[in-house]
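Colleague: Each residue of the sequence shown is one higher than the last, beginning at 5 in the working numbering.
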Amino acid sequence: MNVGSGKALFLDRDGTLIFDKDYLADPAEIDLVPGVANALRRARTLGYQFFLFTNQSGIGRGYHTLADAEAVNVRMEEMLGLPAPLFTGICIAPEIPSQPSRYRKPSPRLILESITRFSLDPQKCWMVGDRESDMNAGLSAGICSAVVGTGKYTVSEWRSRTKPGVPVFADLAEFVATLDWVCQQLATCHSAVVYLIRHMPKPAEVNAQTSRSQILSQVLKCRP
Ligand SMILES: [Mg+2]
């Protein structure tokens, strides 16, 4: 991982990393969304660190305890099988919707605090989840949001619910594959810029037909 890259994924749990089973409290009932482990492995090599950001109103409702939710998280990490620690931070919001929200999404509080605490770059951070509250937490925090069709809504159901600038993906794997592709394109473009800067004529050699700005503007046109 590129420590200090400022890149992070804020990940919802139920409906995004694992299938949503109402008020899940038994680690034996965890069902990973296919492709998630490989997606996280790839995202990590791209320099992203992860934050787990999950609303667990079952705690506030008295259906299960914080320890139950933590046990599910621990088992989920084991099942994912990536080198520990998987998450830079974990936030379990226990409030019920009618209670004043401290961290419960759509509150952006965890994201905002994490940006400051870990020197994250908001333009390089994503909130990924399966509900409007996930999408809105990311947008309110000023980071990017993406939504997946493995939870509350299918991809087609999302079409009428998503907000401008919030892409819809079949699942987390498709999101990371897209992120991977875009990063590769940017890297290719950046390499071209570096090459041209190194090889373009010196200012004293620039004639009427060639200028740095002209060359750069051509190069930058290939940016996605
Ligand atoms: Mg969810």
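All C-beta atoms, glycine included, are put in the ideal place defined by N, C-alpha and C.
Just so you know, these numbers come straight off a predicted model, no measurement behind them.
Quick check on DSSP: helix, strand or coil for Ser102?
Modeller: What you label residue 102 is simply residue 98 of the sequence shown in a count that begins at 1. Here Ser102 sits in coil by DSSP.
Colleague: Please list, following the chain, all residues that have a C-beta closer than 7 angstroms to any non-hydrogen atom of ligand 1.
Modeller: Asp16, Arg17, Asp18, Gly19, Thr20, Asp24, Gly133, Asp134, Arg135, Asp138, Gly155 and Lys156
Colleague: Determine the direct distance from the alpha carbon of Thr69 to that of Gly142, and round the result to whole angstroms.
Modeller: Residue 142 sits at position 138 when you count from the first residue of the sequence shown. Residue 69 sits at position 65 when you count from the first residue of the sequence shown. Roughly 27 angstroms separates the two Cα atoms.
Colleague: Please identify the residue among Leu124, Thr158 and Tyr157 whose C-alpha is closest to the C-alpha of Ile147.
Modeller: Taking the first residue of the sequence shown as 1, we reach residue 147 at position 143. Per the Cα distances, Leu124.
Colleague: One question on the structure: do Leu21 and Val40 come within less than 8 angstroms of each other, judged by their Cβ atoms?
Modeller: Working through the sequence shown from its first residue, we reach residue 21 at position 17. Working through the sequence shown from its first residue, we reach residue 40 at position 36. Yes, Cβ-Cβ distance for Leu21 and Val40 is below 8 angstroms.
Colleague: How far does the alpha helix (DSSP H) with Gly169 in it reach, from first residue to last?
Modeller: In the sequence shown, the residue the question calls residue 169 occupies position 165. No residue range can be given for Gly169, since it is assigned to no alpha helix (DSSP H) and is classified by DSSP as neither H nor E.
Colleague: With DSSP collapsed to three states, give me the class of Gly19.
Modeller: In the sequence shown, counting from the first residue as 1, residue 19 sits at position 15. Coil.
Colleague: Taking Ala43 as the reference, give the member of Phe54, Asp35 and Asp72 with the closest Cα.
Modeller: Taking the first residue of the sequence shown as 1, we reach residue 43 at position 39. The shortest Cα separation from Ala43 among Phe54, Asp35 and Asp72 belongs to Phe54.
Colleague: So, is Gln188 buried or exposed, given that buried needs 16 or more other C-beta atoms within 10 angstroms?
Modeller: On the sequence shown, residue 188 is found 184 positions in, with the first residue counted as 1. Per the 10 Å Cβ criterion, exposed.
Colleague: Please report how far the alpha carbon of Ala73 lies from the alpha carbon of Gly85, in whole angstroms.
Modeller: Position 69 of the sequence shown holds residue 73. Position 81 of the sequence shown holds residue 85. One C-alpha to the other measures close to 19 angstroms.
Colleague: Is Gly153 helix, strand or coil by DSSP?
Modeller: For the purposes of this step, residue 153 is taken as residue 149 along the sequence shown, with counting starting at 1. In this structure, Gly153 counts as coil in the three-state DSSP scheme.
Colleague: Report the three-state DSSP secondary structure of Ala97 (helix, strand or coil).
Modeller: In the sequence shown, counting from the first residue as 1, residue 97 sits at position 93. Ala97 falls in the strand class under three-state DSSP.
Colleague: State the start and end residues of the unbroken alpha helix (DSSP H) segment that holds Leu44.
Modeller: Taking the sequence shown and counting its residues from 1, the one referred to as residue 44 is at position 40. Counting along the chain, Leu44 sits inside the alpha helix (DSSP H) bounded by residues Val40 to Thr49.
Colleague: When you compare the CB positions of Arg108 and Ala97, do they come within less than 8 angstroms of one another, or not?
Modeller: Translated into positions along the sequence shown, residue 108 becomes position 104. Translated into positions along the sequence shown, residue 97 becomes position 93. Cβ distance < 8 angstroms, so Arg108 and Ala97 count as in contact.
Colleague: Could you give the distance in angstroms between the alpha-carbon of Gly66 and the alpha-carbon of Lys25?
Modeller: Within the sequence shown, numbered from 1, the residue matching residue 66 stands at position 62. Within the sequence shown, numbered from 1, the residue matching residue 25 stands at position 21. Approximately 16 angstroms between the Cα atoms of the pair.
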